[in-house]
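What follows is one structure encoded as structure tokens, with my remarks underneath.
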Amino acid sequence: MRDYKKAQEEIVGFALILIVTAVILLIFLVFSAKNNQKEAVESYEIESFVQSMLQYTTDCRDFLEPLDIQKTISECKNKNSCVDGRDSCEVLNSELKNILEGSWIVNSGSSVKGYELKIISGGEEMSSIKKGNETLNSKSAAQFFQDVEVYFTAYY
Amino acid sequence: MIYNNRGQLKIQQMAFMLMAITLFFVLVGLFVLKINLSELKQSAGTLEEKNALLLVTRLANSPEFSCDNSFGSTKINCIDADKVMMLKQRIQNYDDFWGVENIEIRKLYPSSNKSVECTLDNYPGCEIIKIRGGQITPEYSNFVSLCRKESFEEKAEDKCEVAKIMVSYKGVD
Numbered sequence: 029m030r031d032y033k034k035a036q037e038e039i040v041g042f043a044l045i046l047i048v049t050a051v052i053l054l055i056f057l058v059f060s061a062k063n064n065q066k067e068a069v070e071s072y073e074i075e076s077f078v079q080s081m082l083q084y085t086t087d088c089r090d091f092l093e094p095l096d097i098q099k100t101i102s103e104c105k106n107k108n109s110c111v112d113g114r115d116s117c118e119v120l121n122s123e124l125k126n127i128l129e130g131s132w133i134v135n136s137g138s139s140v141k142g143y144e145l146k147i148i149s150g151g152e153e154m155s156s157i158k159k160g161n162e163t164l165n166s167k168s169a170a171q172f173f174q175d176v177e178v179y180f181t182a183y184y
Numbered sequence: 032m033i034y035n036n037r038g039q040l041k042i043q044q045m046a047f048m049l050m051a052i053t054l055f056f057v058l059v060g061l062f063v064l065k066i067n068l069s070e071l072k073q074s075a076g077t078l079e080e081k082n083a084l085l086l087v088t089r090l091a092n093s094p095e096f097s098c099d100n101s102f103g104s105t106k107i108n109c110i111d112a113d114k115v116m117m118l119k120q121r122i123q124n125y126d127d128f129w130g131v132e133n134i135e136i137r138k139l140y141p142s143s144n145k146s147v148e149c150t151l152d153n154y155p156g157c158e159i160i161k162i163r164g165g166q167i168t169p170e171y172s173n174f175v176s177l178c179r180k181e182s183f184e185e186k187a188e189d190k191c192e193v194a195k196i197m198v199s200y201k202g203v204d
């Protein structure tokens, strides 16, 4: 009877060693499993996009040269027309819409779920383009020049 | 004789127990070693990834790609397409210069959706400038403005378009 009890104690001891080691291994595994996944949209992408968008050359010209988006915003703000008579604000909105559609794919299967571009001049909204859904995850960038503020947000 | 047998049994029991514990700890040790080795491989891969990410954010402003002052004022995130086309011709002199497998610039807007690769014959009527051959994914990419000089009424004008620069790195085997 005494020998039987002693054997039982030994088995319990062995089981305890196994359990303690297993728990230590589990904790080690949890701590070592780091999440290094890249985000769907990175901040630098948004900032670079806004800069590239402002540098894009439109087909709206003044008397000297074709205007980039930044200059077209200024022309629109000053209510000037392109040299061919088109309204600079119309050209601006159409070009912005096309640039956004060409650069950001928004659909149910894509990582980007939506975006919003806002151009504010002197406190007044000059242009606002929105597509897709607003989600809880977003990245934004802003650019300021003269008294114009350009805000872009991508939702993912 | 009975005591002798019981003693032998006890020693045998102890020997089996010691063998079992040793075997168990050897297995645990092997498991930990395997995890450590795979972590080492993973961290090497992560370093390569970080390098690709860092490179993609600063490549457009490097002297080999940047517009400098060729397009009026100094532009950031601006790639001189004419310069890149010349770089493409001499890419064999830049082996392992950037430490990545491939660099590609893809025009986003305006784009004809035909994905025509740029050569000296079809430039600038093309969409993709492959600095080196091979496949590439948009995982490590950044927006840039791709600028070039265009002739209009016998004078040179600046033309900037929206593009993406992509890099791919060699994975760790």
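Chains as they are written, first to last, in our numbering: chain A, 29 to 184; chain B, 32 to 204.
Cβ coordinates follow ideal geometry from the N, Cα and C atoms, glycine included.
Just so you know, these numbers come straight off a predicted model, no measurement behind them.
Nearest C-alpha to B/Y140 among A/V140, A/I127, A/I133 and A/Q171: A/I127.
Chain order gives the chain B residues near A/N126 as Y140, where near means a beta carbon separation below 7 angstroms.
Apart from the 5 residues on each side of it in sequence, B/A187 sits with its Cβ closer than 8 angstroms to the Cβ of K180 and E181 in its chain, given in chain order.
For B/I110, DSSP records a beta bridge to B/S97 and B/L177. Annotation: the continuous beta strand (DSSP E) that includes A/Q171 extends over S166 to F173. Put simply, the backbone Cα of A/D175 is about 14 angstroms away from that of A/S155. Distance between A/K107 and A/N121, taken at the CA atoms: about 14 angstroms. For A/E37 and A/L54, the gap between their C-alpha atoms comes out near 26 angstroms. Using a CB distance below 7 angstroms, no part of the region 132 to 163 of chain A faces chain B.
Around the beta carbon of B/G103, a 10 Å sphere encloses fewer than 16 other beta carbons of the protein chains shown; the residue is thus reported as exposed.
Per DSSP, the continuous beta strand (DSSP E) segment holding B/K161 begins and ends at I159 to K161. Excluding its 5 nearest sequence neighbours in each direction, A/G150 has C-beta neighbours in its own chain below 6 angstroms: D175, listed in chain order. The beta carbon of A/G41 sits no closer than 7 angstroms to any beta carbon of chain B.
Per DSSP, reduced to three states, the secondary structure at A/C117 is helical. Put simply, of B/G60, B/G164, B/E70 and B/I134 the residue whose alpha carbon is nearest the alpha carbon of A/F59 is B/E70.
The distance from the Cβ of B/S176 to that of B/E192 is about 7 angstroms, consistent with a contact at the 8 angstroms cut-off. CA-to-CA, the gap between B/T88 and A/S136 works out to about 28 angstroms. Boundaries of the beta strand (DSSP E) around A/Y143: G142 to S149. In its chain, beyond the 5 residues on either side, I148 have a beta carbon closer than 6 angstroms to the beta carbon of A/E177. Listed by position along chain A, the residues whose Cβ is nearer than 8 angstroms to that of B/K65 form an empty set, because the closest Cβ is around 12 angstroms away. Under the Cβ criterion of 7 angstroms, B/S199 is not counted among the residues facing chain A. Contact of B/N36 with chain A is not assigned, every C-beta pair being separated by 7 angstroms or more.
If you look at A/K99, you'll find it isn't in any beta strand (DSSP E); it sits in the alpha helix (DSSP H) that goes I97 to K105. Scanning A/T163, A/E152 and A/E153 for the CA closest to the CA of A/Y143 turns up A/T163.
The continuous alpha helix (DSSP H) containing A/Y72 extends over residues S71 to Q83. Between A/Q79 and chain B, the shortest Cβ-Cβ separation is below 7 angstroms. Between the beta-carbon of A/K141 and that of A/G160 there is about 5 angstroms, and that keeps the pair under the 8 angstroms contact cut.
For the 7 angstroms CB-CB criterion, A/F77 and B/F96 do not form a contact. When 7 angstroms is used as the limit between beta carbons, A/E73 is near these residues of chain B: N173 and F174, in chain order. In terms of Cα proximity to A/S80, the closest of A/Q171, A/Y184 and A/Y183 is A/Q171. For B/K119, the closest alpha carbon among the candidates B/L64, B/E158, B/E135 and B/A83 is that of B/E135. B/A91 is a Cβ neighbour of B/I110, given a cutoff of 7 angstroms.
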